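Chains as they are written, first to last, in the numbering used here: chain W, 160 to 563; chain C, 11 to 258. The next block holds one structure in the form of structure tokens; read it before the comments.
Have a look at this one:
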């Protein structure tokens, strides 16, 4: 249609003729859209990070922790989780699942003139395969070294930095943990952390060594990890663990257990939901600013209609129909909003990038967010443009021509 | 649209028997608060093709209202109006817009050009709303601008033109759709005496070439150029006579 071209051209000409006014009005939409994009990008980034953490931690791992025991409704003190429990699990279900107990404490570690405070983890060699740890240097410790309570250590990837010595040089050297000499046999590859777990900062030693030589006979485990062959088999694993530990602790199936079995990713899921709620809230606030921008558009369109009353009269006298006039002003509002939307998306990308660089929090601009923001700004153009455009379209040509 | 090609030449249309305007008991009442203003109280009128009619009357005589009715800018309260053989007194807003677009050319006292558009674009405007292609549009608009002697001013915008030139652009715009009726409302009201003559002479020349013109004015020396004068008073035709002492 030839009229359509005229309509778009008139809209563009009008926007250009009032460049400053149009620019300032559009700024509202630009900022609104940019805010929506940035907020959604932040939320999306946080969610992806959580997703990565979940995968890092293993989606197929259950954690057994000691819990409160109850006897006839009265708390009977914190019950223990012991190496025997881990052994029982290994004996009874070890052929299907991988089992790794963990005892943990923080001690001073020294090497040469460097010293640092690190989390020391006593465990079994199965721990490494359970969490898919890989080696940067050296080797893991083995079953024999656990049996022999050997003083060997595998370092997390950040520990050599703590000790101010390259990882490669540390292998075969002796470090002091709580003043006790340990031979470094391996250094792990970087793993990345998840919430409370920071394996890169930890030092791993045989469970027996930790219990009897370092921690002074302490035999309370912090937890026992059980890995199912796949995430689908977590439920049967849960049932098996529950059965075995109950028998060990002599708790009837009808009684309350004195331990808990958690899926580590559950906690992250919860965190994920929180993040999601938060980012939704942020996007909502940003959406409000977009709405305010839309009201600005409506305001300026009303001004434009009033200013151009006479022009509308002339156009109507010359044969423009209501629909033509309606479209003309609607297109003008739409062009302002979509232009603002495009600039806003670009601004949002920029802001997300800036946040990533300045604060290191990961962001991800989702394609859906771009589409939604653009669609939304167009919808705002339509919504807030329709009323002024309608007012223009129903102007009486006689009154409009007489308007001064 | 019907008969576009034929009528396009000089407003001729076999169905109309040469009658461009025909009204029967045309009335327009306004309600102002509790009062009803009877602006036009029943006008019977016939204007034939090729006539040059001047409508006169003091202010408050109803001539502006009558002109709005004739120009299809307003709908009558009662009575009937045939324009170029078509009954237009009962058409909707959008249908009237189409009639204004195809059958009527307006020349206003205040020119009513779009200030940001070039002379050429101003003249093209009615053709745009008629849905004509840009090449055809341009050709026609240039033709009419040349006719009114503005071939060298086509790319000027109204603020860059003199009053007389602006009114000539408006005349070119009124002519561009080859209307059955050229309606001029005080076309010289904003012009000095020299340009007034220029414009009146141009209207007379257009009438000579066959264009039907209805001119609303309160100046008798301008009305003197018309072939027929109609005097309105109090919403009724007071006098309607052939102009014996016509200039030219």
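The C-beta atom is built at its ideal place from N, Cα and C for all residues, glycine as well. Note that the structure is predicted; figures quoted are calculated from it, not measured.
Distance from the CA of residue 318/W to the CA of residue 342/W, rounded to the nearest whole angstrom, comes to 14 Å.
When C-beta distances to chain C are compared with 8 Å, the residues of the stretch 473 to 491 of chain W below that value are 473, 474, 475, 476, 477, 478, 479, 480, 481, 482, 483, in chain order.
Pairing residue 65/C with residue 152/C, the inter-Cα distance amounts to about 31 Å.
Residue 176/W belongs to the set of residues whose beta carbon lies under 7 Å from a beta carbon in chain C. For residue 397/W, the secondary structure class from DSSP, reduced to helix, strand or coil, is helix. Measuring C-alpha to C-alpha distances from residue 101/C to each of 173/C, 247/C, 86/C, 29/C identifies 86/C as the nearest.
Secondary structure at residue 80/C: helix, using DSSP grouped into helix, strand and coil. In chain order, 82, 93, 98, 101 place their CB closer than 7 Å to the CB of residue 109/C, counting only its own chain and leaving out the 5 sequence neighbours on each side. Between residue 266/W and residue 220/W, the gap from beta carbon to beta carbon reaches 7 Å or more. Between residue 500/W and residue 189/W, the alpha-carbon positions lie close to 6 Å from each other. Secondary structure of residue 250/C (DSSP, three-state): strand. Counting only Cβ-Cβ distances below 9 Å, residue 155/C has no contacts in chain W at all, with the closest Cβ about 16 Å away. In terms of beta-carbon proximity, residue 107/C lines the interface with chain W, with at least one pair separated by less than 7 Å.
Taking 8 Å as the upper bound for CB-CB distance, residue 310/W and residue 279/W are not in contact here, some 12 Å apart.
The beta carbons of residue 33/C and residue 50/C sit no closer together than 7 Å. The DSSP-derived three-state label of residue 139/C is helix. Against chain C, the CB of residue 563/W has no partner CB under 7 Å away; the residue lies outside that interface. Around the Cβ of residue 230/C, a 10 Å sphere holds fewer than 16 other Cβ atoms; the residue is exposed. Chain-ordered, the chain W residues with CB closer than 9 Å to the CB of residue 139/C read 162, 165, 474, 477, 478, 479, 480, 483.
By the 16-neighbour rule on beta-carbons within 10 angstroms, residue 254/W is exposed. The beta-carbon separation of residue 59/C and residue 28/C, rounded to 4 Å, stays under the 8 Å limit for a contact. Inclusion of residue 136/C and residue 169/C in the CB contact set at 7 Å is not warranted, their separation being larger than that value. Per DSSP, the beta-bridge partners of residue 422/W are 221/W. When CB distances to chain W are screened at a threshold of 8 Å, the residues of the stretch 86 to 113 of chain C falling below it are 103, 104, 107, 108, 110, 111, 112, in chain order. Taken through DSSP and simplified to helix, strand or coil, residue 167/W comes out as helix. For the stretch 123 to 135 of chain C, the beta-carbon criterion of a distance under 7 Å to any beta-carbon of chain W is satisfied by 124, 126, 135. About 6 Å separates the Cβ atoms of residue 422/W and residue 393/W, confirming a contact at the 8 Å cut-off. Listed along chain W, the residues sitting closer than 8 Å to residue 116/C by beta-carbon distance are 476, 477. Annotation for residue 66/C: the continuous beta strand (DSSP E) segment containing it runs 62 to 66. Ranked by how close their Cα comes to the Cα of residue 162/C, the residues 241/C, 179/C, 173/C, 78/C have 179/C in first place. Under a 10 Å Cβ-count criterion, residue 251/C is classified as exposed, with fewer than 16 other Cβ atoms of the shown protein chains found around its own Cβ. Taking 7 Å as the cut-off, the beta carbon of residue 96/C is found no closer than this to the beta carbon of residue 128/C.
Rounded to the nearest whole angstrom, the C-alpha separation of residue 504/W and residue 366/W is 54 Å. Distance from the Cα of residue 213/W is smallest, within the candidate group 418/W, 359/W, 425/W, for 425/W.
At a cut-off of 7 Å between C-beta atoms, residue 470/W counts as an interface residue with respect to chain C.
Per DSSP, reduced to three states, the secondary structure at residue 204/W is helical.
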